[in-house]
Amino acid sequence: MKWFHSFRAKLILTVFPVVAGITIATLVLAEVKFMQSYRKLFEEQFDSQIGNYSSAKKKRMDGLSNVLDKIAKQPELLTAISKKDFSAAGQLLRSQLESLSGDRLLSELPGGLLRLGGSGPAPNLSQMLAGHLTGSDKDKEKDKDKTRNQPGIRLPLSQMPYIALIDPEGNFLVSPKKNVSGGRDILPPIVPKESATSAEFRRKSGKLQWLGGRKLEDILKEQEVGYLRVEYGEDNRSEQVREVYITPLREPESGKFLGAFLFGLPLQVLAEKVLYEQTKHSDLGEIMSGVWVEEGLVSTTIPKNEREIVAAHIADSIHHTHKTQRGMAVPIHGQRHQIYYRVLNPGSPFPLAAQVNLYPLAAMDNELADLRWDVGVLGVVSLLIALMAVLYISRGLSGPISEIVSGTHQIEHGNFDVRVPVRSQNELGKLAASFNEMAAGLALQEKYRSVLNAVADRSVAEQLITQSGTLGGEIRHVTMLFCDIRGFTAITENMPPADVIELLNEHMTALTDIAYQHGGIVDKFVGDLIMVLFGAPQSTGEDAVRGVQCALSMLQVRRKLNEVTKHSLEVGIGLATGSVVAGCMGSDQRLSYTVLGHRVNLASRLCSIAQAGEIVMDEETYEDATSFINAEPMPPMQLKGISEAVHPWRVMPS
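Rendered as structure tokens:
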């Protein structure tokens, strides 16, 4: 165990934590920088994708909103709805909105491949839209044989628009199963199917469930956009997201709310597939995308067995944090993944939807593991090098250090004359020289201690140490303060001695603190009286002002003590200013710094005439402090031991 207390051991135990700390700090900093760079890359990808989506959405809304508003104001449509001729209203809406859907599809897909009107065979839309539409490849192939032969446009089933009429109560005006207008449904065959995880939009009830008990008229003041998750295909296993425009219908003159019509278009997923293909073979891992809607996740790139987990994390974040944009790391099947999402329709009265990006952190974690291994090996090598350096250097340090340690033991036992040899001019030589200076300083401080023990006030002792020539006395201009307890004898005559001492100690301690705060020197305690000097042994130039301020503070602190102490005391204070003899009096064994002179007696007499809670000063004190205090003159009076009449002043409370 002795080795652990040696200098060499302490040096090793000092260097090793430093090297280890630097290694760990370097590793932590490198990891932080690495993860920041890694995540910044994906955040930029996400921001780019969401920016493209927002730009495309704005273009869609700019193009569709005005058209849908014009359709909603058509007299024929409003007349049919007012007369409850829903078949005619549906016929009008269907022809216009399907044509509008084809126009939008033509403008959004590359190459202008859709052919509106004209003769000749229609292009194979299922092949054209491969890679652009949601759903499995199997279902896309099935779309080839499921196109509608409508005038002017030929659309695959997965691209048919969602069209519906809703009354003011939120009820669908025509059941999707009822054929009207020559066998055509007002609602297309692609219908939303109730999912196990969502109750937001149920078609089985025949009511718009987005309302949640609210009136449609109250929340639909203007056109709104909602998002709907639908299932299609023969097995209903393919999903897509529809962007649904809900446009209100009102009578043009009265403004009466007649209901609304829904127009929903599928969201194209070309961007998420392109991003996935671009990043699939990168070192950082693939970026998968999707849309969170109705508590579920619709995606062509995120595996099905991960969608429910991702959807649950996003739902929990949105419902509990209410953040419209967030990034979070979550475990999925034992591996860490990073999720970024941004709400597409913040503030909407309808259910929220969010654009989602997901990427695995396995590549980052592997690189971090490699980084930790490399830094760890480097740290071990650094520790070994440091150990060898310590062992080499400590050989030249042990001797001088041992001498210094021995010297400290001598000083510990009171031998301040000890000195250690200075063997060189390097750091150890400087340390030895500093040790010798310290020993000399301690010896000098021991001499000072005898002076401090002989002087009552520490400030006086410091002055006497630096100005030893003033021990014989000097003439100084001083302000003297006397503070005496009124009726102290009557208060304490029946008190036990211990209680009297406790009372006095409490009182004098508080007043002494006030005296020091104002730069005063406590000259002496005489029974229940305290004498404080301002201007000796050193003047501040504002001695009278400090004395009066100290007196006011003493009255204040005494009043506060009276509120909490067992015995309430009142004091009277007297001040006088003038020239006195200042110096140390006593014997060689005990000295007392004090002042003598006529003005000292005057201050004592003024204290004796001060009533409880009063401050009485002489005329010279008043003149020195007149600009800082508020005082009133007292009648001239003859005081005991004072030959001339005195013109005292009483300090008025401010």
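Everything in the sequence shown is counted per our numbering, starting at 1 for the first residue and increasing by one.
Don't be surprised by glycine CBs; every beta carbon is placed ideally from N, CA and C.
Beta carbon of residue i nearer than 8 Å to that of residue j
i: residue 162; j: residue 296; result: no
i: residue 534; j: residue 543; result: yes
i: residue 476; j: residue 518; result: no
i: residue 344; j: residue 329; result: no
i: residue 92; j: residue 78; result: no
i: residue 166; j: residue 208; result: yes
i: residue 618; j: residue 580; result: no
i: residue 257; j: residue 217; result: yes
i: residue 211; j: residue 260; result: no
i: residue 241; j: residue 267; result: yes
i: residue 314; j: residue 339; result: yes
i: residue 633; j: residue 649; result: yes
i: residue 574; j: residue 620; result: no
beta-carbon residue i near the ligand NAD non-hydrogen atom, thresh 7 Å
i: residue 26; result: In the structure on display, the ligand NAD does not appear, and there are no ligands present to speak of.
Residue i versus residue j - alpha carbon distance
i: residue 311; j: residue 292; result: 7 Å
i: residue 61; j: residue 52; result: 14 Å
i: residue 549; j: residue 409; result: 50 Å
i: residue 480; j: residue 424; result: 57 Å
i: residue 58; j: residue 376; result: 52 Å
i: residue 351; j: residue 46; result: 22 Å
i: residue 583; j: residue 564; result: 39 Å
i: residue 478; j: residue 616; result: 17 Å
i: residue 31; j: residue 378; result: 16 Å
i: residue 360; j: residue 20; result: 32 Å
i: residue 281; j: residue 160; result: 35 Å
i: residue 90; j: residue 70; result: 16 Å
i: residue 164; j: residue 81; result: 13 Å
i: residue 601; j: residue 576; result: 9 Å
i: residue 418; j: residue 431; result: 15 Å
i: residue 596; j: residue 523; result: 11 Å
Three-state class that DSSP yields for residue i in the structure shown
i: residue 435; result: helix
i: residue 523; result: strand
i: residue 71; result: helix
i: residue 112; result: For residue 112, the predicted structure reports a pLDDT of 41, less than 50, and the residue's modelled location is therefore unreliable. The matter cannot be settled from this model.
i: residue 403; result: helix
i: residue 642; result: coil
i: residue 617; result: strand
i: residue 647; result: coil
i: residue 364; result: helix
i: residue 96; result: helix
i: residue 357; result: strand
i: residue 420; result: coil
i: residue 539; result: coil
i: residue 184; result: Note that residue 184 scores 36 on pLDDT, short of 50, meaning its location in the model is unreliable; the coordinates nonetheless yield the value given after this. Three-state result, residue 184: strand.
i: residue 628; result: coil
i: residue 637; result: strand
i: residue 612; result: coil
i: residue 351; result: coil
i: residue 409; result: helix
i: residue 23; result: helix
i: residue 426; result: coil
i: residue 335; result: strand
i: residue 279; result: helix
Boundaries of the beta strand (DSSP E) in which residue i is found, first to last residue
i: residue 482; result: 474 to 485
i: residue 552; result: Here residue 552 belongs to no beta strand (DSSP E); instead the alpha helix (DSSP H) covers 543 to 564.
i: residue 331; result: 325 to 332
i: residue 599; result: Premise fails: residue 599 lies in the alpha helix (DSSP H), 598 to 609, not in any beta strand (DSSP E).
i: residue 488; result: Counting along the chain, residue 488 falls outside any beta strand (DSSP E), though it belongs to the alpha helix (DSSP H) covering 488 to 492.
i: residue 632; result: 631 to 633
i: residue 577; result: 571 to 586
i: residue 292; result: 288 to 293
i: residue 296; result: 296 to 298
i: residue 159; result: Looking at the DSSP string, residue 159 is not in any beta strand (DSSP E), and its letter there is neither H nor E.
i: residue 533; result: 529 to 534
i: residue 266; result: 257 to 266
Host alpha helix (DSSP H) of residue i (start-end)
i: residue 497; result: 497 to 517
i: residue 217; result: 216 to 219
i: residue 242; result: No alpha helix (DSSP H) holds residue 242; the beta strand (DSSP E) holding it covers 238 to 250.
i: residue 314; result: 304 to 321
Test: residue i CB closer than 8 Å to a CB of chain C
i: residue 574; result: As a matter of chain content, chain C is missing from the structure shown, which is built from one protein chain.
* Three-pair Cβ contact test at 8 Å for the segment 427 to 440 versus the segment 404 to 418 -> Judged by pairs of C-beta atoms under 8 Å, the segment 427 to 440 touches the segment 404 to 418, as three or more such pairs exist.
* Inter-stretch contact (C-beta, 8 Å, three-pair minimum) for the segment 492 to 499 and the segment 551 to 559 -> no
* **Segment contact flag, the segment 210 to 230 with the segment 241 to 248, C-beta cutoff 8 Å, min 3 pairs** => yes
* Counting Cβ pairs closer than 8 Å, one from the segment 611 to 618 and one from the segment 568 to 578, do we hit at least three? -> yes
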